[in-house]
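*Asks:* Line by line, the protein sequences give chains S and C. The opening residue of the first sequence carries number 309 in the working numbering; numbering runs sequentially from there. The opening residue of the second sequence carries number 33 in the working numbering; numbering runs sequentially from there. Shown below is the structure under consideration.
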Amino acid sequence: MAKIISIHSFRGGTGKSNTAANLAAIYVADGYRVGVVDTDIQSPGIHVIIGLDEDDVTLTLNHYLWGECAIEEAAYDLKPALRLQNQGAFYLIPSSVNAADIARILRDGYDVSLLSDGFNEFINALNLDILIVDTHPGLNEETLLSIAISNALLVVMRPDYQDYQGTGLTIEVARELEVPQMTILINKAPETFDFAQIKKSVSITYDCPVAAVIPHSNEMMTLASQNIFALRYPDHQIVDKFKQIAKTLIS
Amino acid sequence: MSRPQTNQQNKIIKISAICLLMGVLYGIANFLSGKYYLPGCSFAELRPQIIIPMFIGIIYGPLPGFLCGGLGDMLGYTIAGKGPFVAIHWSIANGLVGFIAGLARYFGARSVDSIISFVKLLILLLLASSLPFIFATGIEFWQGRTSFHHALFAFFLPIFITDTLWALMFIPPLMQLFKLLVVRIEIRTILAIYYLLIATIMITWLSGVMITMHQQLQIEELYTLGTVTLIILIVGIAVSAVSSKKITAPLISLTNAARRIADGHYSDMEELNNVSDRQDELGTMASVFLKMTQAVAKREEALQKELTTLKIKIDHNKQSSDLKKITDSDYFKMLKKKAVNLRQYSDTK
Numbered sequence: 309m310a311k312i313i314s315i316h317s318f319r320g321g322t323g324k325s326n327t328a329a330n331l332a333a334i335y336v337a338d339g340y341r342v343g344v345v346d347t348d349i350q351s352p353g354i355h356v357i358i359g360l361d362e363d364d365v366t367l368t369l370n371h372y373l374w375g376e377c378a379i380e381e382a383a384y385d386l387k388p389a390l391r392l393q394n395q396g397a398f399y400l401i402p403s404s405v406n407a408a409d410i411a412r413i414l415r416d417g418y419d420v421s422l423l424s425d426g427f428n429e430f431i432n433a434l435n436l437d438i439l440i441v442d443t444h445p446g447l448n449e450e451t452l453l454s455i456a457i458s459n460a461l462l463v464v465m466r467p468d469y470q471d472y473q474g475t476g477l478t479i480e481v482a483r484e485l486e487v488p489q490m491t492i493l494i495n496k497a498p499e500t501f502d503f504a505q506i507k508k509s510v511s512i513t514y515d516c517p518v519a520a521v522i523p524h525s526n527e528m529m530t531l532a533s534q535n536i537f538a539l540r541y542p543d544h545q546i547v548d549k550f551k552q553i554a555k556t557l558i559s
Numbered sequence: 033m034s035r036p037q038t039n040q041q042n043k044i045i046k047i048s049a050i051c052l053l054m055g056v057l058y059g060i061a062n063f064l065s066g067k068y069y070l071p072g073c074s075f076a077e078l079r080p081q082i083i084i085p086m087f088i089g090i091i092y093g094p095l096p097g098f099l100c101g102g103l104g105d106m107l108g109y110t111i112a113g114k115g116p117f118v119a120i121h122w123s124i125a126n127g128l129v130g131f132i133a134g135l136a137r138y139f140g141a142r143s144v145d146s147i148i149s150f151v152k153l154l155i156l157l158l159l160a161s162s163l164p165f166i167f168a169t170g171i172e173f174w175q176g177r178t179s180f181h182h183a184l185f186a187f188f189l190p191i192f193i194t195d196t197l198w199a200l201m202f203i204p205p206l207m208q209l210f211k212l213l214v215v216r217i218e219i220r221t222i223l224a225i226y227y228l229l230i231a232t233i234m235i236t237w238l239s240g241v242m243i244t245m246h247q248q249l250q251i252e253e254l255y256t257l258g259t260v261t262l263i264i265l266i267v268g269i270a271v272s273a274v275s276s277k278k279i280t281a282p283l284i285s286l287t288n289a290a291r292r293i294a295d296g297h298y299s300d301m302e303e304l305n306n307v308s309d310r311q312d313e314l315g316t317m318a319s320v321f322l323k324m325t326q327a328v329a330k331r332e333e334a335l336q337k338e339l340t341t342l343k344i345k346i347d348h349n350k351q352s353s354d355l356k357k358i359t360d361s362d363y364f365k366m367l368k369k370k371a372v373n374l375r376q377y378s379d380t381k
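Laid out in structure tokens, this is it:
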């Protein structure tokens, strides 16, 4: 049974792509066949964290949406580049970083329903156990679709006034769409916070479980989104938190 | 051989070479100045070069200072054709000048950054200009080569007064040049008065020497005058040290308080309370500073409280209306209808 997990945040800069990359790496390490789709067409970025060289990218999600290729043709096997030796599989469908491609898709739009077909084709073609969707922030059509087709939704937020209202709205929308499993990740929490208090306060406010509170980490910032943290510092306490979230999302 | 040992050896070689060079310079200078004896004195002369062993001592320590002074003195005699061992007790005395100045590092006076360390340095210079010559003159007297009066007025006082003045005049600027004297505000305050005093005393003393050379003064009168001027100088320095300390102490209290605040310590402002009692501008500044500290401390405490307790405020009316806008759209309705099927597809894979 394949599981679609959407990683979403109402606002940008919450560490969504980073979370998606780390969760994917943890699932792969556990032997799962994992696919990641970057649906943040307007501002793609996860390929940088995952270490996919832009020069190696020919076909992308954009090409699939324009009908120029099959979805699996735009999937890149990351295991060799990440030097992963285990049983699992790790594929990424990136969005195009080409400025002209981004302009074209924003201007002409695309058939959003193609996305859900594409996800399913991706799952079938590469025999995936888990599909992680890295979404665009906000609540536009493709985000709503990603949420709608997800078996699990991870809402990433920062403990920050600007995030409270939007996160609440996202959770209500997901509730309307009857997403079976929904959980919150509080990311980049300043060390001065009482983490237990934040966790309790957020879960009560949104009536939704909080999977973890991840502190603002200097190591993570130093890595500057250029590598997967869980692979670089497998014993770091933050990685333990990611593992805990990974477990919650497929339970 | 390990690298640290090599470095240590290189350092010793370098210091030895510098000390040797300075010793040679000292010896040559002694030989050259040896022609101009002080009035009534058969061998002591105006010799500003005395600062060489003193400064070597301050920089490199007592032993290099001793070797520089002692060997340099012996070299001076040798160049003059008298042989190195002609007056070994005077050579030892010259060595002791460098040795005593070299003790500066053990009394916190090698690097001068406060009035206390400055005064310590001056005391050491005074001792370096006196004790070695008490020793050498004492030997002359003990061996019966001179009377007490002659030992005092023809040996000790001429050397002690002139060497002290040279040292006090040149060592502080040299230390400033080598960045061993940190010109903090209290040093700055005392230095101006200090140099003024030294210059006045030096002029008085040299004038006395010149007048005596022209047979206007008895040597007893000259060296008594010298002793008196030296006492005036020492008293003057002591008074200026105390007054500088008084002027600068509140500023230092303010600086220390500012430093503590920068480190996030807002309590323990007792020092500032004392300054704020003053009626002058510094008192006003201290009380303003105290008020500011209390305000900053209060603000930070409030901020800390705010930070550690997360308060989530949500405008529920706005949320409902935003939600309605989304859920009322045709796209959303269609999506909601299809959502279950869409999910089931992957579920049944």
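Think of the CB as a built atom: it goes at the ideal place given N, C-alpha and C, for glycine as much as any other residue.
(1) Using 8 angstroms as the threshold, is the C-beta distance between His-121 of chain C and Ala-61 of chain C below it?
(2) Going by C-alpha to C-alpha distance, which of C:Glu-77, C:Pro-80, C:Asn-126, C:Phe-63 sits closest to Ile-111 of chain C?
(3) Are the C-beta atoms of Lys-381 of chain C and some chain S residue less than 8 angstroms apart?
(4) Indicate whether at least one CB of chain S lies closer than 8 angstroms to the CB of Asp-295 of chain C.
(5) How big is the Cα-Cα spacing for Lys-381 of chain C and Ile-313 of chain S?
(6) Only counting the same chain, and skipping five residues up and downstream in sequence, which positions put a Cβ closer than 6 angstroms to that of Ile-379 of chain S?
(7) Could you have a look at His-181 of chain C and say whether DSSP puts it in helix, strand or coil?
(8) Taking the alpha-carbon positions, what's the Leu-286 of chain C to Thr-316 of chain C distance?
(9) The beta strand (DSSP E) spanning Ser-314 of chain S covers which residue range?
(10) Looking at the secondary structure, which residues open and close the alpha helix (DSSP H) in which Asp-145 of chain C lies?
(11) Considering only C-alpha positions, which residue in the set C:Leu-189, C:Gly-258, C:Thr-236 is nearest to Ser-162 of chain C?
(12) Applying the criterion that 16 or more other CB atoms from any shown protein chain within 10 Å of the CB defines a buried residue, is Ser-48 of chain C buried or exposed?
(13) Taking Ala-329 of chain C as the query, report the chain S residues whose CB atoms sit under 8 angstroms from its CB, ordered along the chain.
(14) Measure the C-alpha to C-alpha separation of Tyr-226 of chain C and Asp-195 of chain C and round it to an integer number of angstroms.
(15) Please compile the residues from chain S whose C-beta is within a distance smaller than 7 angstroms of the C-beta of Tyr-298 of chain C.
(16) Considering only residues of the same chain and omitting the five flanking positions on each side of Val-151 of chain C, which have a CB-CB separation below 6 angstroms?
(17) For Ala-497 of chain S, name the three-state secondary structure that DSSP assigns.
(18) Would you identify the three-state DSSP class for Ile-413 of chain S, choosing helix, strand or coil?
(19) In chain order, what residues of the same chain have a beta carbon less than 6 angstroms from the beta carbon of Gly-108 of chain C, not counting five sequence neighbours either side?
(20) Between Asp-347 of chain C and chain S, is any beta-carbon pair separated by less than 8 angstroms?
(21) Would you verify that the beta carbon of Ile-44 of chain C is, or is not, closer than 8 angstroms to some beta carbon of chain S?
(22) Please specify which runs of the alpha helix (DSSP H), each continuous and at least 4 residues long, are wholly inside the stretch 317-388 of chain S, giving them in chain order.
(23) Going straight from the alpha carbon of Val-129 of chain C to that of Ala-327 of chain C, what length do you get?
(24) With distances taken Cα to Cα, identify the nearest neighbour of Ala-519 of chain S among S:Thr-491, S:Gly-353, S:Cys-377.
(25) Does Val-267 of chain C come out as helix, strand or coil in the three-state DSSP assignment?
(26) With a Cβ-Cβ cutoff of 8 angstroms, do Leu-414 of chain S and Val-336 of chain S count as a contact?
(27) Would you report the Cα separation of Glu-486 of chain S and Ile-344 of chain C, rounded to the nearest angstrom?
(28) For Glu-499 of chain S, is the classification buried or exposed, using 16 other Cβ atoms within 10 angstroms of its Cβ as the cut-off for buried?
(29) Verify whether the separation of the beta carbon atoms of Leu-355 of chain C and Val-481 of chain S is less than 8 angstroms.
(30) Note down the Cα distance separating Ala-160 of chain C from Pro-282 of chain C, rounded to an integer number of angstroms.
(31) Using only alpha-carbon positions, find the residue among C:Pro-85, C:Ile-219, C:Asn-349 that is nearest to Leu-99 of chain C.
(32) Is the CB-CB distance between Leu-153 of chain C and Ala-141 of chain C below 8 angstroms?
(33) Given that a residue counts as buried once 16 or more other Cβ atoms are within 10 Å of its Cβ, and exposed if not, what is Ser-239 of chain C?
(34) How far does the beta strand (DSSP E) with Met-86 of chain C in it extend, from its first residue to its last?
(35) Could you check whether Asp-442 of chain S and Ala-538 of chain S sit closer than 8 angstroms to each other, using their CB atoms as the reference points?
(36) Below 8 angstroms on C-beta distance, what does Pro-350 of chain C contact in chain S?
*Replies:* Result, derived from the coordinates:
(1) Taking the second sequence and counting its residues from 1, one reaches residue 121 of chain C at position 89. Taking the second sequence and counting its residues from 1, one reaches residue 61 of chain C at position 29. No, they are not a contact pair.
(2) The sequence position of residue 111 of chain C within the second sequence is 79, counting from 1. Of the candidates C:Glu-77, C:Pro-80, C:Asn-126, C:Phe-63, the one whose C-alpha sits nearest the C-alpha of Ile-111 of chain C is C:Phe-63.
(3) Numbered from 1 along the second sequence, position 349 holds the residue referred to as residue 381 of chain C. With a pLDDT of 47 at Lys-381 of chain C, under the threshold of 50, the modelled position of this residue cannot be trusted; read the value that follows with caution. Yes, because at least one Cβ of chain S sits closer than 8 angstroms to the Cβ of Lys-381 of chain C.
(4) Here residue 295 of chain C is taken as the residue at index 263 of the second sequence, counted from 1. No, because no Cβ of chain S sits closer than 8 angstroms to the Cβ of Asp-295 of chain C.
(5) Taking the second sequence and counting its residues from 1, the one referred to as residue 381 of chain C is at position 349. Taking the first sequence and counting its residues from 1, the one referred to as residue 313 of chain S is at position 5. Interpretation of Lys-381 of chain C is limited by its pLDDT of 47, a score under 50 that renders its predicted location unreliable; no figure is taken from the coordinates.
(6) Locating residue 379 of chain S in the first sequence gives position 71, where the first residue counts as 1. Tyr-372, Gly-426, Glu-429, Phe-430.
(7) Position 149 of the second sequence, counted from the start, is the residue given in the question as residue 181 of chain C. In this structure, His-181 of chain C counts as helix in the three-state DSSP scheme.
(8) Within the second sequence, numbered from 1, the residue matching residue 286 of chain C stands at position 254. Within the second sequence, numbered from 1, the residue matching residue 316 of chain C stands at position 284. Taking the straight line from one Cα to the other gives about 12 angstroms.
(9) Taking the first sequence and counting its residues from 1, the one referred to as residue 314 of chain S is at position 6. Run containing Ser-314 of chain S: 311-316, per the beta strand (DSSP E) assignment.
(10) Numbered from its first residue, the second sequence carries residue 145 of chain C at position 113. That residue, Asp-145 of chain C, is in no alpha helix (DSSP H); it is neither H nor E in DSSP.
(11) One-based indexing of the second sequence puts residue 162 of chain C at position 130. Out of C:Leu-189, C:Gly-258, C:Thr-236, C:Leu-189 has the C-alpha closest to the C-alpha of Ser-162 of chain C.
(12) Locating residue 48 of chain C in the second sequence gives position 16, where the first residue counts as 1. Result: exposed.
(13) The residue labelled residue 329 of chain C in the question sits at position 297 within the second sequence. Near Ala-329 of chain C there are no residues of chain S at all, since even the closest Cβ is about 17 angstroms away, more than 8 angstroms.
(14) Residue 226 of chain C sits at position 194 when you count from the first residue of the second sequence. Residue 195 of chain C sits at position 163 when you count from the first residue of the second sequence. Those two C-alpha atoms are separated by around 17 angstroms.
(15) The count along the second sequence starts at 1 and reaches residue 298 of chain C at position 266. By Cβ distance, chain S contributes nothing, its closest Cβ being about 17 angstroms from Tyr-298 of chain C, past 7 angstroms.
(16) On the second sequence, residue 151 of chain C is found 119 positions in, with the first residue counted as 1. Closer than 6 angstroms at Cβ, skipping near neighbours: Ala-273.
(17) The residue you call residue 497 of chain S lines up with position 189 of the first sequence. Correct three-state label for Ala-497 of chain S: strand.
(18) Here residue 413 of chain S refers to the residue found at position 105 when the first sequence is read from its first residue. Three-state result, Ile-413 of chain S: helix.
(19) In the second sequence, counting from the first residue as 1, residue 108 of chain C sits at position 76. Cβ neighbours of Gly-108 of chain C beyond the five flanking positions: Gly-59, Asn-62, Phe-63.
(20) Taking the second sequence and counting its residues from 1, the one referred to as residue 347 of chain C is at position 315. Cβ-Cβ to chain S under 8 angstroms: yes for Asp-347 of chain C.
(21) Here residue 44 of chain C refers to the residue found at position 12 when the second sequence is read from its first residue. Not an interface residue.
(22) 324-337, 354-358, 369-373
(23) Residue numbering aside, residue 129 of chain C sits at position 97 when the second sequence is read from its first letter. Residue numbering aside, residue 327 of chain C sits at position 295 when the second sequence is read from its first letter. Val-129 of chain C and Ala-327 of chain C: Cα-Cα distance of roughly 56 angstroms.
(24) For the purposes of this step, residue 519 of chain S is taken as the residue at position 211 of the first sequence. Comparing Cα-Cα distances from Ala-519 of chain S to each of S:Thr-491, S:Gly-353, S:Cys-377, the minimum goes to S:Thr-491.
(25) As a working mapping, residue 267 of chain C is identified with position 235 in the second sequence. Residue state, collapsed to three classes: helix.
(26) Looking up residue 414 of chain S in the first sequence gives position 106. Looking up residue 336 of chain S in the first sequence gives position 28. No, the pair does not count as a contact, with Cβ atoms beyond the cut-off.
(27) By one-based count along the first sequence, residue 486 of chain S stands at place 178. By one-based count along the second sequence, residue 344 of chain C stands at place 312. Approximately 25 angstroms, taken between the alpha carbons.
(28) Counting from 1 along the first sequence, the entry for residue 499 of chain S is found at position 191. Counting Cβ neighbours within 10 Å, Glu-499 of chain S comes out exposed, since fewer than 16 surround it.
(29) The residue given as residue 355 of chain C occupies position 323 in the second sequence. The residue given as residue 481 of chain S occupies position 173 in the first sequence. Closer than 8 angstroms, so yes.
(30) Position 128 of the second sequence, counted from the start, is the residue given in the question as residue 160 of chain C. Position 250 of the second sequence, counted from the start, is the residue given in the question as residue 282 of chain C. Straight-line Cα distance between these residues: approximately 34 angstroms.
(31) For the purposes of this step, residue 99 of chain C is taken as the residue at position 67 of the second sequence. Among C:Pro-85, C:Ile-219, C:Asn-349, the Cα nearest to that of Leu-99 of chain C belongs to C:Pro-85.
(32) For the purposes of this step, residue 153 of chain C is taken as residue 121 along the second sequence, with counting starting at 1. For the purposes of this step, residue 141 of chain C is taken as residue 109 along the second sequence, with counting starting at 1. Cβ atoms of Leu-153 of chain C and Ala-141 of chain C: closer than 8 angstroms.
(33) Locating residue 239 of chain C in the second sequence gives position 207, counting from the first residue. Flag for Ser-239 of chain C reads exposed.
(34) If you number the second sequence from 1, residue 86 of chain C lands on position 54. Taken as a continuous stretch (DSSP letters only), Met-86 of chain C belongs to no beta strand (DSSP E), being part of the alpha helix (DSSP H) at 83-92.
(35) For the purposes of this step, residue 538 of chain S is taken as residue 230 along the first sequence, with counting starting at 1. For the purposes of this step, residue 442 of chain S is taken as residue 134 along the first sequence, with counting starting at 1. Cβ atoms of Ala-538 of chain S and Asp-442 of chain S: not closer than 8 angstroms.
(36) Mapped onto the second sequence, residue 350 of chain C falls at position 318. Per the sequence shown, the amino acid found at residue 350 of chain C is Lys instead of Pro. Gln-473, listed in chain order.
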